[in-house]
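*Asks:*
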Amino acid sequence: MTKLYVGDTGTVITLDCGQDISAATARTIEVRKPDGSTTSWSASASGTNSIVFTTLAGSLDQAGSWKLQARVTLPP
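So the sequence shown is numbered by the numbering used here: it starts at 387 and just counts up by one.
(1) Is DSSP giving Lys-453 helix, strand or coil here?
(2) Using alpha carbons as the reference points, say which of Thr-459, Arg-413, Ser-445 lies closest to Ser-423.
(3) Can you tell which of Arg-413, Ser-430, Phe-439 has its C-alpha closest to the C-alpha of Thr-397?
(4) Within a Cβ cutoff of 6 Å, which residues of the same chain sit near Glu-416, ignoring the five residues on either side of it in sequence?
(5) Let's test the definition: count the other Cβ atoms within 10 Å of the Cβ of Leu-339 and tell me whether it reaches 16, buried, or not, exposed.
(6) Would Gly-393 pass as a contact of Ala-429 if the rule is Cβ separation under 9 Å?
(7) Per DSSP, Val-438 is paired with what?
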C-alpha cells in the first residue's frame, strides 16, 4: 500500500487484475472516495494483467481511505 496525498499529480496507480486482460476493449478504475461518493477513472493497459491511471489535478481531492476496483470489458 502506498501513501498518497491530496493534490498529488503524476502518481501512477497500478491495479493487478490477476489474469490476462490484454484483449480488453475498455478499462476503467471504479473509485469510492472517503466521503462515499464515487467516480471512474479511464485506465490504460500495463502488461497483460494490469491497468494503470496517472493522477491529474483534482483526482485526489479528499483525505482518507479510498477504495479502487478494476473494471475491464473482455470480448465474448
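Don't be surprised by glycine CBs; every beta carbon is placed ideally from N, CA and C. None of the values given here were measured: they were computed from a predicted structure.
*Replies:* Reading from the atomic positions:
(1) Reduced to three states, the DSSP call for Lys-453 is strand.
(2) Ser-445
(3) Phe-439
(4) Ser-426, Gln-455, Arg-457
(5) Nothing about residue 339 can be reported from this structure: the residues present for the chain run from 387 to 462 only.
(6) no
(7) Thr-400, Ser-430, per the DSSP bridge assignment.
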